[in-house]
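Encoded as structure tokens, the structure appears first; notes follow it.
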Amino acid sequence: MKKWPMPTLGKETHWVEVATLVEERPPPPNNRISKYSAPKEASPGESITINWTIHNAGGNTGYTSYTLLLDRDTGEELFYREFSLAPSSEENFTYTGKMPDKDWKLTLTTGYIKDRERIETARLDFTIWRK
Numbered sequence: 279m280k281k282w283p284m285p286t287l288g289k290e291t292h293w294v295e296v297a298t299l300v301e302e303r304p305p306p307p308n309n310r311i312s313k314y315s316a317p318k319e320a321s322p323g324e325s326i327t328i329n330w331t332i333h334n335a336g337g338n339t340g341y342t343s344y345t346l347l348l349d350r351d352t353g354e355e356l357f358y359r360e361f362s363l364a365p366s367s368e369e370n371f372t373y374t375g376k377m378p379d380k381d382w383k384l385t386l387t388t389g390y391i392k393d394r395e396r397i398e399t400a401r402l403d404f405t406i407w408r409k
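Under the numbering used here, the first residue of the sequence shown carries the number 279, and numbering increases by one thereafter.
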């Protein structure tokens, strides 16, 4: 504990003890993309299904985890989900959409949320080629 002067209106100075409280949080999750499947190529307008699995290879569940599928060309978030994942457990995700008339550059990410900010722990960039 530290002692700090406390100002008063008189000539005397009073000292007060101040304690600092520190909130200890459990270690964050260590989310990884353990599996994924997507077609290598597709025709424009064709229905595409992407499957992936997120595995927590470490930390506790005191945090909210997330996964995100992003179109790298447009910046559009095609899929976003928040979830809780216990240590050594995993969860499966699926996205279905239409193949655009171009090579589709995509990014899968996962991580956890701390103070309303996404902390990325794994990332996978891949492309579905246009036929």
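Heads up, the beta-carbon is just placed ideally off N, CA and C, and yes, glycines get one too.
For residue 405 versus residue 398, is the C-beta spacing smaller than 9 Å? Residue 405 sits at position 127 when you count from the first residue of the sequence shown. Residue 398 sits at position 120 when you count from the first residue of the sequence shown. Contact: no.
For residue 360, I'd like the list of residues in its chain whose CB is within less than 8 Å of its CB, leaving aside the five on either flank, ordered along the chain. For the purposes of this step, residue 360 is taken as residue 82 along the sequence shown, with counting starting at 1. Once the five neighbours on either side are set aside, the close Cβ partners of residue 360 are 342, 343, 344, 391.
Is residue 317 near the ligand FAD, with its Cβ less than 8 Å from a heavy atom? Absence of the ligand FAD is noted for the structure shown, with no ligands found whatsoever.
Give me the DSSP bridge partner(s) of residue 373. One-based indexing of the sequence shown puts residue 373 at position 95. According to DSSP, residue pairing for residue 373 in a beta bridge involves 328.
For residue 393, which three-state DSSP category applies? Your numbering for residue 393 matches position 115 in the sequence shown. Residue state, collapsed to three classes: coil.
Beta-carbon spacing of residue 324, residue 376 below 9 Å: Working through the sequence shown from its first residue, we reach residue 324 at position 46. Working through the sequence shown from its first residue, we reach residue 376 at position 98. Contact: yes.
Going by beta-carbon coordinates alone, are residue 326 and residue 371 separated by less than 9 Å? In the sequence shown, counting from the first residue as 1, residue 326 sits at position 48. In the sequence shown, counting from the first residue as 1, residue 371 sits at position 93. No, they are not a contact pair.
What are the boundary residues of the beta strand (DSSP E) that includes residue 363? As a working mapping, residue 363 is identified with position 85 in the sequence shown. No residue range can be given for residue 363, since it is assigned to no beta strand (DSSP E) and is classified by DSSP as neither H nor E.
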